[in-house]
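Student: Got a structure here, written out as structure tokens. Questions coming.
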Amino acid sequence: MKSMRIARMIALFVLLSISALFFLPIAVSAEELTPDIKAKSYILLDFDSGAVLGEFKADEERAPASMTKMMSAFVVLDKINEGKLKWEDVVTVSQRAANIEEAQLFLKAGEKVTVKELFTAMLVYSANDATVALAEHVGGTEEGFVELMNQKAQALGMVHTHYRCASGLDLHLYPDPPQVSGDHVMSARDSAILARELIRTYPEVLQTTAMTEATFFEGTDHAQKKPNWNKMLPGFNQFYEGVDGVKTGHTNRAGYCFTGTAEQRGYRLISVVMGTGSDHARFAETKKLLDYGFGSFQPKEWIAQNGKIRGKETLALPNGVERTVPVVASEKLVVPARIGEEENYTIQVTFNKGVQAPLNKGDVVGEARLLYKNQPVKGVAPIQMVAAAPVEQASEFRLFFRKAGDTIKGWFN
Numbered sequence: 001m002k003s004m005r006i007a008r009m010i011a012l013f014v015l016l017s018i019s020a021l022f023f024l025p026i027a028v029s030a031e032e033l034t035p036d037i038k039a040k041s042y043i044l045l046d047f048d049s050g051a052v053l054g055e056f057k058a059d060e061e062r063a064p065a066s067m068t069k070m071m072s073a074f075v076v077l078d079k080i081n082e083g084k085l086k087w088e089d090v091v092t093v094s095q096r097a098a099n100i101e102e103a104q105l106f107l108k109a110g111e112k113v114t115v116k117e118l119f120t121a122m123l124v125y126s127a128n129d130a131t132v133a134l135a136e137h138v139g140g141t142e143e144g145f146v147e148l149m150n151q152k153a154q155a156l157g158m159v160h161t162h163y164r165c166a167s168g169l170d171l172h173l174y175p176d177p178p179q180v181s182g183d184h185v186m187s188a189r190d191s192a193i194l195a196r197e198l199i200r201t202y203p204e205v206l207q208t209t210a211m212t213e214a215t216f217f218e219g220t221d222h223a224q225k226k227p228n229w230n231k232m233l234p235g236f237n238q239f240y241e242g243v244d245g246v247k248t249g250h251t252n253r254a255g256y257c258f259t260g261t262a263e264q265r266g267y268r269l270i271s272v273v274m275g276t277g278s279d280h281a282r283f284a285e286t287k288k289l290l291d292y293g294f295g296s297f298q299p300k301e302w303i304a305q306n307g308k309i310r311g312k313e314t315l316a317l318p319n320g321v322e323r324t325v326p327v328v329a330s331e332k333l334v335v336p337a338r339i340g341e342e343e344n345y346t347i348q349v350t351f352n353k354g355v356q357a358p359l360n361k362g363d364v365v366g367e368a369r370l371l372y373k374n375q376p377v378k379g380v381a382p383i384q385m386v387a388a389a390p391v392e393q394a395s396e397f398r399l400f401f402r403k404a405g406d407t408i409k410g411w412f413n
């Protein structure tokens, strides 16, 4: 009898435990909703706001291979913008640049090529000899150019990045490697930051990265047509609507990498996958990320420019002629919302401590930040809250009688 009672108790315990598994609420984080991406690290960003829509080991420093060339392009475009370099400038190819192998245009020492042609070859075909020739021309030496690259990375806040060469080639593939110390690395987050800032600063770069092919040395005896390595562009077997950049990369050390961007319905995303297993995989995993971004989120204007935020329309100014100052947003805030979860987003306003009159219209008095489930949306910078009207400082005489009046009023309340 005793053994039967014990058996029944055990059976009841098991039944209750199983039931609990069915009825216990399960908490699912935003990260867990991201599709299964087969990459060593990845990230997905909203281009406009910088909001992180999904990530995995995004700050892990990894070999970026030819995604490095996005920074080389940035440095070149900066020099053009500064008037220190022109597209039609002629570059004389050095023997060192001509010796660079892997993807190449088979440049010859002493050959003269324009900056524009080398730039196109660098971004479309990922030509290493073209990249090194361009770097030597702009930086004096490849080492000098790499110094400019690292300075730019620091200025952009790319804290998990260090460059040793302009091409992204593993240094053992250089016949004469650049003499730069450290390890050549970039994180997925930094790669996304780089792509976003490159496109924001020089949107015309997409005209080059969107080229499906380019012809070099046209009209010469060694004219050659080269395809873009980005197989998500129109006409390729892994075409994806809206893709127009940015840069592939592959070495044995890095695996297959891709920093992509696509725009659909005016909504642009930046994606990065690092360390995938094949040329096909880097685009297949990117497709998963882009499908997720376009299918699970939609842009939403949370705050209008000069808009007021409910409950935070004014800020008290005890020493002002007016006791409060109206407060508005300095700019609009548009961030993608997870579809069907708009109620989980809130606006948090924090006013600066010790704000006092006098205030001018437009003076910053605080900031507003977008929260998702009471946590700041990663990657989205707060926007400034500003005074919507000027407020003069009240005189001591006015403040004395205001205080007296408040005291008398308090007697009757």
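So that you can map any letter, position 401 of the sequence shown is 401 in the UniProt record's numbering, and since no number is skipped, the others follow by simple counting. No residue lacks a Cβ here, since even glycine has one placed at the ideal position from N, Cα and C.
How about VAL325 and ALA51: do their beta carbons lie closer than 8 Å?
Tutor: On the sequence shown, residue 325 is found 325 positions in, with the first residue counted as 1. On the sequence shown, residue 51 is found 51 positions in, with the first residue counted as 1. Their beta carbons are not under 8 Å apart, which means VAL325 does not touch ALA51 by this criterion.
Student: Enumerate in chain order the residues of its own chain whose CB-to-CB distance from ASP170 is below 6 Å, with the five nearest sequence positions on each side excluded.
Tutor: Counting from 1 along the sequence shown, the entry for residue 170 is found at position 170. Only THR251 and ARG253 meet the Cβ criterion.
Student: Give the single residue among HIS184, VAL355 and TYR256 whose Cα lies nearest to the Cα of PHE283.
Tutor: Translated into the one-based positions of the sequence shown, residue 283 becomes position 283. Considering only alpha carbons, the answer is TYR256.
Student: If you pair each beta-carbon of the stretch 136-144 with each one of the stretch 210-227, do three or more pairs fall below 8 Å?
Tutor: In short, these stretches do not touch, since the Cβ pair count stays below three.
Student: Smallest Cα separation from PHE258: which of GLU343, VAL180 and MET232?
Tutor: Sequence index remark: in the sequence shown, residue 258 carries index 258 (1-based). Ranking GLU343, VAL180 and MET232 by Cα distance to PHE258 puts MET232 first.
Student: According to DSSP, is ILE100 part of a helix, a strand, or is it coil?
Tutor: Here residue 100 refers to the residue found at position 100 of the sequence shown. The answer is coil: DSSP assigns ILE100 none of H, G, I, E or B.
Student: Can you give me the C-alpha to C-alpha distance between SER29 and LYS373, rounded to a whole angstrom?
Tutor: Counting from 1 along the sequence shown, the entry for residue 29 is found at position 29. Counting from 1 along the sequence shown, the entry for residue 373 is found at position 373. Any reading at SER29 needs caution, since the residue's pLDDT is 39, under 50, leaving its predicted position unreliable; the model's value is listed next. Each residue's Cα considered, the two are about 10 Å apart.
Student: Let's see if you can read the secondary structure: which residues bound the beta strand (DSSP E) around ARG369?
Tutor: Residue 369 sits at position 369 when you count from the first residue of the sequence shown. Looking at the DSSP string, the run of the beta strand (DSSP E) that includes ARG369 is 364-372.
Student: Looking at the structure shown, is MET186 part of a helix, part of a strand, or coil, going by DSSP?
Tutor: Position 186 of the sequence shown, counted from the first residue, corresponds to residue 186. In the structure shown, MET186 sits in a strand (DSSP, three-state: E or B).
Student: Please report the straight-line C-alpha distance between TYR125 and GLY249, rounded to a whole angstrom.
Tutor: One-based indexing of the sequence shown puts residue 125 at position 125. One-based indexing of the sequence shown puts residue 249 at position 249. In a straight line, the C-alpha of TYR125 is about 11 Å away from that of GLY249.
Student: Quick one: Cα of residue 417 to Cα of GLU285, how far?
Tutor: There is no way to answer for residue 417, as the model of the chain reaches only from 1 to 413.
Student: Tell me, which residues are paired with LYS300 by DSSP?
Tutor: For the purposes of this step, residue 300 is identified with residue 300 of the sequence shown, where counting begins at 1. In the DSSP output, where bridge partners are listed per residue, LYS300 has VAL335.
Student: Do you know offhand how far ILE43's Cα is from GLY140's?
Tutor: Here residue 43 corresponds to residue number 43 of the sequence shown, with the count starting at 1. Here residue 140 corresponds to residue number 140 of the sequence shown, with the count starting at 1. Rounded to whole angstroms, ILE43 to GLY140 spans 35 Å at the Cα level.
Student: With a 10 Å radius around its C-beta and 16 neighbouring C-beta atoms as the bar for buried, classify TRP87 as buried or exposed.
Tutor: Within the sequence shown, numbered from 1, the residue matching residue 87 stands at position 87. Exposed: under 16 other Cβ atoms inside 10 Å.
Student: Please report the Cβ distance between HIS160 and ARG189, rounded to the nearest whole angstrom; I am assuming they are in contact, meaning their Cβ atoms lie under 8 Å.
Tutor: Counting from 1 along the sequence shown, the entry for residue 160 is found at position 160. Counting from 1 along the sequence shown, the entry for residue 189 is found at position 189. With a Cβ gap of about 7 Å, HIS160 and ARG189 count as contacting.
Student: If I follow the unbroken alpha helix (DSSP H) through residue 451, where does it start and stop?
Tutor: Absent from the structure is residue 451, since the part of the chain shown begins at 1 and ends at 413.
Student: Quick check on DSSP: helix, strand or coil for THR120?
Tutor: On the sequence shown, position 120 is the one that residue 120 refers to. THR120 falls in the helix class under three-state DSSP.
Student: How far does the alpha helix (DSSP H) with LEU148 in it extend, from its first residue to its last?
Tutor: The residue given as residue 148 occupies position 148 in the sequence shown. Looking at the DSSP string, the run of the alpha helix (DSSP H) that includes LEU148 is 142-155.
Student: If we call anything under 8 Å between Cβ atoms a contact, is ILE309 one with LYS332?
Tutor: Counting from 1 along the sequence shown, the entry for residue 309 is found at position 309. Counting from 1 along the sequence shown, the entry for residue 332 is found at position 332. The answer is no: Cβ separation not under 8 Å.
Student: For the stretch 80-98 and the stretch 177-195, state whether three or more C-beta atom pairs, one from each stretch, are separated by less than 8 Å.
Tutor: They do not touch, by the three-pair rule.
Student: Kindly indicate which three-state DSSP category MET385 falls into: helix, strand or coil?
Tutor: Walking along the sequence shown from the start, residue 385 turns up at place 385. Of the three classes helix, strand and coil, the one that applies to MET385 here is strand, per DSSP.
Student: For ILE203 and VAL243, I'd like the C-alpha separation in whole angstroms.
Tutor: Looking up residue 203 in the sequence shown gives position 203. Looking up residue 243 in the sequence shown gives position 243. Per the sequence presented here, residue 203 reads as Pro, with Ile not at that position. About 14 Å.
Student: Nearest to VAL273 by CA position, among SER49, ARG62, ASP46 and ASP48, is which residue?
Tutor: Position 273 of the sequence shown, counted from the start, is the residue given in the question as residue 273. If we check each option's Cα against that of VAL273, ARG62 comes out closest.
Student: For ASP59 and THR120, I'd like the C-alpha separation in whole angstroms.
Tutor: Taking the sequence shown and counting its residues from 1, one reaches residue 59 at position 59. Taking the sequence shown and counting its residues from 1, one reaches residue 120 at position 120. Using only the alpha carbons, I get a separation of about 30 Å.
Student: Name the residue from ARG369, LEU371 and PHE351 whose alpha carbon lies nearest to the alpha carbon of ASP363.
Tutor: Here residue 363 corresponds to residue number 363 of the sequence shown, with the count starting at 1. Measuring from the Cα of ASP363, the nearest candidate turns out to be PHE351.
Student: Taking only three categories from DSSP, how would you classify ASP279?
Tutor: On the sequence shown, position 279 is the one that residue 279 refers to. Helix, per DSSP.
Student: I need the straight-line Cα distance from ASN344 to THR209, nearest angstrom please.
Tutor: In the sequence shown, residue 344 corresponds to position 344, counting from 1. In the sequence shown, residue 209 corresponds to position 209, counting from 1. Approximately 37 Å, taken between the alpha carbons.
Student: Just the Cα atoms here: how many angstroms apart are LYS287 and GLY235?
Tutor: Taking the first residue of the sequence shown as 1, we reach residue 287 at position 287. Taking the first residue of the sequence shown as 1, we reach residue 235 at position 235. C-alpha separation (whole angstroms): 16 Å.
Student: Which partner residues does HIS162 have in the DSSP bridge list?
Tutor: Residue 162 sits at position 162 when you count from the first residue of the sequence shown. Answer is VAL185.
Student: Using C-beta distances below 6 Å, list every residue in its chain close to GLU31, excluding the 5 sequence neighbours before and after it, in chain order.
Tutor: As a working note, residue 31 is residue 31 in the sequence shown. Note that GLU31 scores 48 on pLDDT, short of 50, meaning its location in the model is unreliable; the coordinates nonetheless yield the value given after this. Hits under 6 Å: none found.
Student: Do PRO178 and GLU142 have their CB atoms nearer than 8 Å?
Tutor: Here residue 178 refers to the residue found at position 178 of the sequence shown. Here residue 142 refers to the residue found at position 142 of the sequence shown. Yes, the pair counts as a contact, with Cβ atoms nearer than the cut-off.
Student: In this structure, does DSSP put ASP36 in helix, strand or coil?
Tutor: Residue numbering aside, residue 36 sits at position 36 when the sequence shown is read from its first letter. Three-state result, ASP36: coil.
Student: On the DSSP letters alone, give me the boundaries of the alpha helix (DSSP H) that ALA133 sits inside.
Tutor: Against the sequence shown, residue 133 aligns to sequence position 133. Per DSSP, ALA133 belongs to the alpha helix (DSSP H) from 128-139.
Student: Alpha carbon to alpha carbon, how far is GLU313 from LYS353? Give it in angstroms, no decimals.
Tutor: Taking the first residue of the sequence shown as 1, we reach residue 353 at position 353. Taking the first residue of the sequence shown as 1, we reach residue 313 at position 313. One C-alpha to the other measures close to 17 Å.
Student: Going by DSSP, what residues sit across from GLN179 in a beta bridge?
Tutor: Residue numbering aside, residue 179 sits at position 179 when the sequence shown is read from its first letter. DSSP lists no partner for GLN179.
Student: Just how far apart, CA to CA, sit GLU55 and SER41?
Tutor: The residue labelled residue 55 in the question sits at position 55 within the sequence shown. The residue labelled residue 41 in the question sits at position 41 within the sequence shown. Cα to Cα, the separation comes out at about 8 Å.
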